[in-house]
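Residue numbers (my numbering): -13 to 94.
So this is what it looks like as C-alpha cells:
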C-alpha cells in the first residue's frame, strides 16, 4: 500500500474528483493554501495499492494543468526605488504529488 498526497490548484479539484470517482478510487480532500502565492489549493490523500500508483499519477496528470499567471510579489526588496512592485509571470497549477510507504490501512 502507498499513501499519495496530491497538492493541486483549487480550480482543478472538481475535475480530479470526478476522474478519481469514475475509476472507483477513494480519497480524502483537504482545503489547503500555498505559501508563496497564498492561493487556495486542495490536497488529496489517496490510499492505493502499489500496482495502481501509476494509474493514479496518470489521472492526476490529465486532470491538473499548469498555467501561467501574473502576480504582484508581496515583498519589497531592499534598495527598491519604487514602492510599487511589478507583476511577474509565474507558473501555477499542475500538481505536486508525494508517494509514501504505508504500513497499514484500515477502513471501519
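Backbone N, C-alpha and C fix where the C-beta goes; we use that ideal spot for every residue, glycine too. As the structure is a prediction and not an experimental result, all values here were calculated from the model.
Spatially closest choice to residue i from the options, by CA coordinates
i          : options        : result
residue 89 : 12, 13, 36     : 36
residue 83 : 30, 71, 92, 73 : 30
Backbone secondary structure at residue i - three-state DSSP
i          : result
residue 46 : helix
residue 26 : strand
residue 82 : strand
residue -2 : helix
residue 89 : coil
Assigned exposure category for residue i - 16 Cβ within 10 Å defines buried
i          : result
residue 86 : exposed
residue 76 : exposed
residue 81 : buried
Integer Cβ distance of residue i from residue j, believed to fall under 8 Å
i          : j          : result
residue 79 : residue -5 : 4 Å
residue 12 : residue -7 : With 8 Å as the limit, residue 12 and residue -7 do not qualify as a contact, their Cβ atoms being about 18 Å apart.
- At least 3 beta-carbon pairs within less than 8 Å: the segment -11 to 8 vs the segment 29 to 45: yes
- Query: Three or more C-beta pairs closer than 8 Å, one from the segment 2 to 13 and one from the segment 38 to 50: is that the case here?
  - Reply: yes
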